[in-house]
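Going down the list, the protein sequences come from chains A and B. If you're matching positions, the first sequence starts at 65 in the working numbering and goes up one per residue. If you're matching positions, the second sequence starts at 240 in the working numbering and goes up one per residue. Think of the CB as a built atom: it goes at the ideal place given N, C-alpha and C, for glycine as much as any other residue. Below: one structure, written as structure tokens.
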Amino acid sequence: MRTDIIFLALLFIVSGSLIIGILVYLRKLARGRINLLLRLVDLNELVDYDPKNFLVEAEKLLISQGVEELFYNIEYLGVVLKKEKTSSKKALSRKVEREDHTIEFGMVPVNMRGERQLFNMWLFEFLFLTLRMNVAMKIKAIHESFARAGVVSSFIKHDIKNVAQFIHILSYNLKSAKTAEDREKIVGYLAESIPYLRLRAERIMDALEGKEERGEVWEGSVRDLVKEISGTLGLPVEIEGDAEIVVNREVEIALENVLKNTYEKHLRENIDCKIRIREEPEFVEIWIEDNGSPLEDTERIFEPFYSTKKGGVGIGLYQAKLLLRKTGGDLYAENTDHGVRFVVRISKNTYVK
Amino acid sequence: MNEKRTILIVEDDIPLRKQLKLFLEKKYEVFEASNKKEALDILENNSVDVVVVDLGLPPFEDDPQEGLELMEIIHERFFSKVVVLTGQKTEEAAKESLKKGVFDYLMKPVDPEVLFQSINRALFFRDIERKLEDEGIERIFVSAKIKDGVKGVREEATRKLILKVLRDTNFNVYKASKILGMKRENLYYFLKKFGIKRDDEN
């Protein structure tokens with residue numbers, strides 16, 4: 065009897081230890097696998113979600129973790145990524161075919177026995193899902209880039225054609241000028257046109273090169289600057305207040321973009337525009353207020369390539385905000401009781417070359 | 240016709256517009272406009288023979304919408320000849336312009352001589368149309384789908400003719416009905432049917 069009790073107790077202890085041992089072992093294995101997945105997530109971010117780079121780097125990591133090799137055959141938008149299977153061992157593999165891509169992916173684990181089989185299947189599904197996500201993101205990014213390039217290209221073509229036409233007609237006018245009066249008239253019209261030509265050239269340059277710094281500076285009254293820009297655009301404005309300021313060309317461009325946005329609204333809705341200039345110790349604020357329709361989203365309008373205007377590029381307000389922030393200022397919009405207000409904040413500590 | 244012919248340039252690119260004005264004002268009286276609203280203001284207050292239109296007008300410079308709408312209004316209300324001078328190279332823009340009755344469609348950059356000849360031809364056609372009007376003959380321009388049959392064409396032609404005569408008589412229904420050779424009640428029926436109102440009521 066006593067022997068039986070001792071035997072049962074020993075059996076209980078041994079079984080318990082075995083179970084605990086197995087649980088500890090499985091927990092360690094699971095933790096190891098989870099850490100591996102987290103490392104793969106970090107790796108994917110490090111390679112900027114590029115499918116090819118992810119597969120190359122992931123394979124290096126996985127070879128030390130019980131994976132013999134990865135193989136794949138991926139096609140999307142004319143891109144082909146291929147690596148043949150070299151191992152003779154049994155592999156986990158999957159294929160998915162869609163309209164714009166095909167993904168065939170496989171993984172050869174070193175060991176597919178016991179609990180490792182479950183973990184390897186788990187790892188494989190994770191890799192396959194990550195790969196699919198990377199390919200989908202890549203396709204979307206490529207489509208969006210082409211769309212943007214197309215929009216910017218047509219926007220530039222429009223400007224270049226006008227410049228070409230201008231040169232044609234100017235050349236004809238110069239050749240036809242017979243008298244001093246004719247020539248004076250040409251000079252007079254050219255003098256009127258210079259500010260607009262300058263704006264047009266800068267717009268084309270900005271679109272092509274994305275450079276805003278030109279080393280030019282505006283020094284003087286904010287009221288005069290606003291009057292000049294709105295006059296060039298043809299936007300009738302009522303201005304209150306004034307301040308003296310020294311700013312880079314970047315701030316000028318930002319203000320032009322905001323006023324152009326208001327001008328286009330004026331054409332669509334025949335709005336009135338009131339501009340208030342407020343001076344504070346560290347900055348100057350220009351409030352551009354209209355009595356038109358409210359904005360649907362006062363944040364999204366500053367997103368790049370977001371435009372509610374038919375055929376619009378969607379860069380103007382985004383660029384304006386970027387330039388102002390770059391120079392220590394800011395730009396935001398809010399709906400008021402009567403319409404919309406854009407607030408252009410210009411830092412008085414703007415770096416001046 | 241001895242008085243100076245009138246041209247309206249509708250172009251938002253100011254340097255280009257100035258050069259076009261310089262180019263044309265030696266021979267014609269030239270008006271300028273940057274957008275549809277300015278163009279219509281000028282057309283309301285002046286008799287314009289030919290309108291040179293850029294399709295891409297603010298606020299939609301990259302889209303022909305504003306230019307096409309302007310053309311449609313010109314053909315409905317003012318009967319000036321329209322010459323399109325545009326950077327819009329799409330087939331769609333050209334098709335829509337034709338549907339709206341454009342006289343000529345030129346793509347930038349165009350040789351100034353070509354533009355000049357186009358305007359001269361438009362003026363010539365305008366003169367011939369005026370002579371025909373004096374003889375009681377109206378040219379009505381209709382775009383119609385063949386599959387819709389003759390009814391659509393007939394109604395559109397009727398509508399345009401009535402509108403033209405009403406505008407010529409300053410919306411005097413009595414005079415217009417006499418010119419058209421119909422009873423006033425019949426004319427009122429058509430006004431209601433086509434939703435025709437005086438321009439200042441629209």
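Alpha-carbon to alpha-carbon, residue j and residue i
i                 : j                 : result
MET185 of chain A : LEU110 of chain A : 24 Å
ASN226 of chain A : LEU102 of chain A : 55 Å
ILE313 of chain B : LEU337 of chain B : 14 Å
ASP403 of chain B : LEU362 of chain B : In the sequence as presented, Asp is not what sits at residue 403 of chain B; that position holds Lys. Rounded to whole angstroms, LYS403 of chain B to LEU362 of chain B spans 20 Å at the Cα level.
ILE365 of chain A : VAL120 of chain A : 40 Å
SER416 of chain B : ASP366 of chain B : 26 Å
LYS334 of chain B : GLY434 of chain B : 27 Å
GLU314 of chain A : GLY392 of chain A : 11 Å
VAL286 of chain A : ASN274 of chain B : 28 Å
ALA122 of chain A : ILE86 of chain A  : 29 Å
ILE83 of chain A  : ARG180 of chain A : 18 Å
ASP387 of chain B : GLU330 of chain B : 24 Å
SER157 of chain A : VAL174 of chain A : 15 Å
GLY178 of chain A : ILE69 of chain A  : 34 Å
LEU255 of chain B : ASN237 of chain A : 12 Å
THR408 of chain B : VAL291 of chain B : 27 Å
ARG342 of chain A : SER411 of chain A : 12 Å
GLU148 of chain A : SER209 of chain A : 31 Å
TYR344 of chain B : LEU359 of chain A : 37 Å
ILE335 of chain A : GLU308 of chain B : 20 Å
TYR267 of chain B : THR245 of chain B : 6 Å
Partner residues on chain A for residue i, Cβ-Cβ distance less than 9 Å
i                 : result
LEU294 of chain B : Here the premise fails: no neighbours, minimum Cβ distance about 10 Å.
THR274 of chain B : Looking at the sequence provided, one finds Asn at residue 274 of chain B rather than Thr. Within chain A, the residues near ASN274 of chain B are GLY298, LEU331.
Residues that residue i contacts on chain B, provided the C-beta gap is smaller than 7 Å
i                 : result
ALA228 of chain A : LYS347, PRO348
SER257 of chain A : ILE253, PRO254, LYS257
VAL321 of chain A : Sequence inspection shows Asn at residue 321 of chain A; the Val mentioned does not correspond to that position. By Cβ distance, chain B contributes nothing, its closest Cβ being about 14 Å from ASN321 of chain A, past 7 Å.
LEU261 of chain A : PRO254
GLU328 of chain A : PRO297, PRO298
LYS225 of chain A : GLY326, LYS347, PRO348
Residue range of the alpha helix (DSSP H) that includes residue i
i                 : result
MET421 of chain B : It is not in any alpha helix (DSSP H) - MET421 of chain B carries neither H nor E in the DSSP assignment.
ASN117 of chain A : 115-127
ALA361 of chain B : 351-373
ASN50 of chain A  : It is not possible to answer for residue 50 of chain A, since the shown part of chain A is limited to 65 through 417.
LEU402 of chain B : 388-407
VAL51 of chain A  : Nothing about residue 51 of chain A can be read from this structure; chain A reaches only from 65 to 417.
VAL286 of chain A : 286-297
ALA384 of chain A : 380-390
ASN284 of chain B : 275-284
Residues near residue i by beta carbon distance below 8 Å, same chain, minus five either side
i                 : result
ALA383 of chain B : GLY391, VAL392, GLU395
THR362 of chain A : TYR396, ALA397, GLU398, ASN399
SER152 of chain A : none
LYS275 of chain A : The predicted model places LYS275 of chain A with a pLDDT of 49, which falls under 50 and marks its position as unreliable, so this point remains unresolved.
PHE380 of chain B : HIS314, GLY340, LYS399
Close Cβ partners of residue i (< 7 Å) along its chain, the five nearest in sequence each way excluded
i                 : result
PRO259 of chain A : THR296
LEU299 of chain A : LEU323, THR326, TYR327, HIS330, CYS337
PRO115 of chain A : ILE138, LEU145, LEU195, ASN198, VAL199, LYS202
GLY305 of chain A : ARG340, ILE341, ARG342
Neighbouring residues, chain B, relative to residue i (Cβ below 8 Å)
i                 : result
HIS232 of chain A : PRO348, VAL349, ASP350, PRO351
ILE352 of chain A : Residues of chain B passing the Cβ test: none, with the nearest at roughly 16 Å.
TYR382 of chain A : Those do not exist, as TYR382 of chain A stays about 17 Å from chain B at its closest Cβ, beyond 8 Å.
ILE250 of chain A : LEU261
Start-to-end residues for the beta strand (DSSP E) that takes in residue i
i                 : result
ASP343 of chain B : 343-346
THR245 of chain B : 245-249
ASP354 of chain A : 347-354
GLY170 of chain A : 165-173
LYS320 of chain B : 320-325
ARG405 of chain A : 404-411
Cut-off 6 Å between Cβ atoms - residues of its own chain near residue i, not counting five sequence neighbours on either side
i                 : result
PHE429 of chain B : ILE401
GLU283 of chain A : VAL310
TYR394 of chain A : According to the sequence provided, residue 394 of chain A is Asp. The question's Tyr does not apply to it. Closer than 6 Å at the Cβ level, and outside the excluded window around ASP394 of chain A, lie LEU388, ARG409.
THR67 of chain A  : none
ILE350 of chain A : ILE341, VAL408
ARG437 of chain B : PHE410
Cross-chain neighbours of residue i in chain B, by beta carbon under 9 Å
i                 : result
ASN237 of chain A : GLN258, LEU261, PHE262, PRO351
LYS242 of chain A : In chain order: nothing, as chain B lies at least about 10 Å away.
TYR253 of chain A : PRO254, LYS257, GLN258, LYS260, LEU261
CB contact check: residue i to chain D, cutoff 8 Å
i                 : result
ARG389 of chain A : Any reference to chain D falls outside this structure, whose protein chains are A and B.
Discussion item. Does the segment 310-320 of chain A come into contact with the segment 379-393 of chain A, if we say contact requires no fewer than three beta-carbon pairs (one atom in each stretch) closer than 8 Å?
Written reply: yes
Fill in: Three or more C-beta pairs below 8 Å linking the segment 279-289 of chain B and the segment 297-307 of chain B
no
Worksheet item: Can we say the segment 184-198 of chain A touches the segment 399-409 of chain A, given the rule of at least three CB pairs closer than 8 Å?
Response: no
Fill in: the segment 165-172 of chain A touching the segment 136-149 of chain A, judged by at least three CB pairs closer than 8 Å
yes
Discussion item. Between the segment 411-430 of chain B and the segment 318-330 of chain B, can you find at least three pairs of beta-carbon atoms closer than 8 Å?
Written reply: no
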